[in-house]
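These notes are about the structure you will find just below.
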Amino acid sequence: MEASYIRRTKDGRIHIKSGSKGDQVVRWTLIILLVLTVVGFLLFNYTGLELGSAIAETAYNLKVMFLEPTLSHFDLGEAVYQVGITLGLAFLATIIGAIIAFFLSLMVATNLAPAWVSRIIRIFVAVIRAVPTVLWVLIFAISAGLGSEAAVLGMLFHSIAYLVKAFSEGFEEVDKGIFEALKSSGANWWHIVRSGVIPTTLTYLLSWVFLRFEINFGVAVAMGAAAGAGGIGFELFMASGFYFDLREVGFITYSILIIAFLLEVISTRLKRRYFPATSN
Amino acid sequence: MSLLKIEGLGKSYTADKQILKNVNFEIKAGEFVSIIGPSGAGKSTMLRCINRMVEFNEGKIIFNHQDVGSLNNKELRKLRTNIGMVFQHYNLVPRLTVIENVLHGRFGYKTTLQGVLGRYTEEEKERAFYLLEKLGIHEHAYKRCDQLSGGQQQRVGICRALIQEPKLILCDEPIASLDPSSSKVIMDHLKSISTEMGITCLVNLHQVEVAQHYSDHIIGLNKGEVVFRGEGSELSAEQIQKIYETNTKDLIIE
Ligand SMILES: Nc1ncnc2c1ncn2[C@@H]1O[C@H](COP(=O)(O)OP(=O)(O)OP(=O)(O)O)[C@@H](O)[C@H]1O
Ligand SMILES: [Mg+2]
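Sequences listed follow chains A and B, in order. So for the first sequence, the working numbering puts the first residue at 19; every next one is plus one. So for the second sequence, the working numbering puts the first residue at 800; every next one is plus one.
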């Protein structure tokens, strides 16, 4: 009788996983990925590859890029201005995206919205998220023309989809006892959102917004190059693709690194300053 | 005159299992009534039917001359302002201050806009401090709720229920997560709420002795049916055995 509760392998060892379908799927996914990786490396086209000189030349290029950075086609003031433009693009897309995502995720969180509304928006958002940002930018470029408008719209679109998923998962984590308590005192839906949901998830929401801002900064750099959105990304594109000026590429890369680093520092600082409970 | 009258109440979550069966009882204004019964008997479900946090299937609940089952959404919100609720796990918003949590009890009286802007009148704030002082936690008013002990949090929960100015307070195992001495503090407060403020209390309890000591009446629930209804002193060993379906000597009674 007792033995029937214990699951054993064929050689008599006891399972501690429930052995559900989920576990099986995870295991097979990992195995297939491993096989594909190995096979992939074997199938590369290696003709014309001279490993020795390839490594040496790459090393030389990297040395020029990172050890001798200079500006030759524009000055420092211009560089700062261009970085500002890129930051601006990222900022716009993130802030507008966060506001729209907030309201949408209230309609996606299963503890706040009816199941059918939640499901419909969830599917939309999943589709939007599945298409890469660059593609969205190019799609919007059809109507808005290549440039900063299309870039912001595309980034905005993807940011919304990304943040809706993050936000709604945060909302769903809110203790249902809080809902019960507020509801039983006669609170309506907006009261519950305002006084139960927002206070408990605010730090969580803000850290996702910071993270998305960092991502959007990177995307904005790429969009400057790929979609002519301007900013430091466009200068990077010109320096590498047009002038083949490795030293300038190095300089621009450093400036982007510095910004990324600053963003990281600022977001950590902000969190520690305003939300001491979550940062420790 | 009864404040709460329950007639033939029936509830099932799923078709195959009836959680409450033909429950009948009345509670007078100002009474202190405990519901005891084994785990899964339907005590929590019973309480939540009264303010329709759970929708019941059969029977009738009359609260304060109102037929609870027939209320529309707006009337239901109004009804809920008249019924405070206290929970085993306090259910406070942990990141907010004590005073903010107490004031949440006023939402039932507010429009959406007032609530969203977080507008409370000075009288409401005065009242909140008065209640906090009455329960002896006014010194913690500006602390975040997650910095308080369980017993203190439960007192905040009681303040939140009281600021609703309710006629009835439902308590779902208010002391189940507390040590004996905080339990006593909480039970004493609840008792004084019913005797001094005249607010009716309906309390789910797991401790038979506690129920006997504090209650005017005890309701024994087993498998969704009322198997005992009477005063604490009438609760004999056989009655307890009937409620819990075990020998009294197999029960922990402190
Ligand atoms: N939301 C729900 N959906 C389905 N079944 C439920 C739900 N809530 C409770 N039940 C079932 O109803 C029965 C009674 O539950 P209830 O919580 O009312 O018991 P209780 O007397 O409060 O028990 P305890 O003393 O453990 O708190 C249990 O069998 C439980 O499984
Ligand atoms: Mg219960």
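Glycine included, each C-beta is placed from N, C-alpha and C at the ideal position.
Check	Outcome
Presumed contact (8 Å Cβ cut-off) between I1018 of chain B and I834 of chain B, rounded CB distance	5 Å
Cut-off 7 Å between Cβ atoms - residues of its own chain near G841 of chain B, not counting five sequence neighbours on either side	I818, L819, L1020, G1023
Residue-chain proximity (K28 of chain A, chain B), Cβ-Cβ < 8 Å	no
Short-range partners of chain B found in the region 159-191 of chain A, where Cβ spacing is below 7 Å	none
Classification of Q42 of chain A by the beta-carbon crowding that lies within 10 angstroms, buried from 16 upward	exposed
Closer than 8 Å to chain A by CB, Y812 of chain B	no
Same chain only: Cβ atoms within 7 Å of N234 of chain A, ignoring 5 sequence neighbours per side	A108, A111, T112, M173, S177
DSSP state of N900 of chain B mapped onto helix, strand, coil	helix
Coil, strand or helix - H1016 of chain B by DSSP	strand
Contact test: S833 of chain B Cβ vs ligand 3 heavy atom, cutoff 7 Å	The model on display carries ligand 1 and ligand 2 but not ligand 3.
Among A:T76, A:S225, A:I49, A:R31, the one whose alpha carbon lies nearest that of R290 of chain A	A:S225
Distance cut-off 7 Å: T844 of chain B Cβ against heavy atoms of ligand 1	yes
is_contact[V915 of chain B, chain A] using C-beta, thresh 8 Å	yes
Own chain, CB closer than 8 Å to I32 of chain A, minus 5 neighbours either side, in chain order	I24, R25, R26
Three-state secondary structure (DSSP) of M884 of chain B	strand
Cβ-based burial, H209 of chain A [other Cβ within 10 Å; buried from 16]	buried
Neighbour list for H864 of chain B in chain A, Cβ cutoff strictly below 9 Å	The contacting residues do not exist; H864 of chain B stays about 19 Å from chain A at best.
Reference R959 of chain B, options B:T880, B:G858, B:K983, B:R876, closest by Cα	B:T880
Rounded distance between the beta-carbons of G242 of chain A and F252 of chain A, thought under 8 Å	4 Å
Within the region 80-156 of chain A, ranges of the alpha helix (DSSP H) (whole runs, at least 4 residues)	94-124, 133-148
Alpha carbon of N856 of chain B to alpha carbon of T813 of chain B, nearest angstrom	11 Å
Stretch pair the region 842-849 of chain B + the region 908-915 of chain B: three plus CB contacts closer than 8 Å	no
Any non-hydrogen atom of ligand 1 within 7 Å of A840 of chain B CB	yes
With 16 other Cβ atoms within 10 Å as the buried cut-off, status of T999 of chain B	buried
Chain-ordered neighbours of H903 of chain B on chain A, where CB pairs are closer than 9 Å	A199, L200, S203, A205, H209, S213, G214
Outcome for P973 of chain B when other beta-carbon atoms lying within 10 angstroms are tallied against a minimum of 16	buried
Close Cβ partners of G807 of chain B (< 8 Å) along its chain, the five nearest in sequence each way excluded	N821, V822, N823, E857, G858, K859
I196 of chain A: contacting residues in chain B (beta-carbon distance under 9 Å)	N890, L891, V892, P893
Selected residue, minimal CA-CA separation from V901 of chain B, among B:I805, B:Q963, B:Q1011, B:M996	B:Q963
C-alpha gap between V211 of chain A and N871 of chain B, whole angstroms	22 Å
Span of the alpha helix (DSSP H), counted from its first residue to its last, around G858 of chain B	Segment 857-862 is the beta strand (DSSP E) holding G858 of chain B; no alpha helix (DSSP H) there.
In DSSP terms, what D815 of chain B is bridged to	Paired residue(s): none; D815 of chain B is not in a bridge.
Any chain B beta carbon closer than 8 Å to P132 of chain A	no
Of the residues A:A245, A:G195, A:F269, A:S22, the one placed nearest N890 of chain B, counting alpha carbons only	A:G195
Short-range partners of chain A found in the region 840-856 of chain B, where Cβ spacing is below 7 Å	N850, M852
Alpha helix (DSSP H) runs contained entirely in the region 176-241 of chain A, provided each spans 4 or more residues	194-202, 207-210
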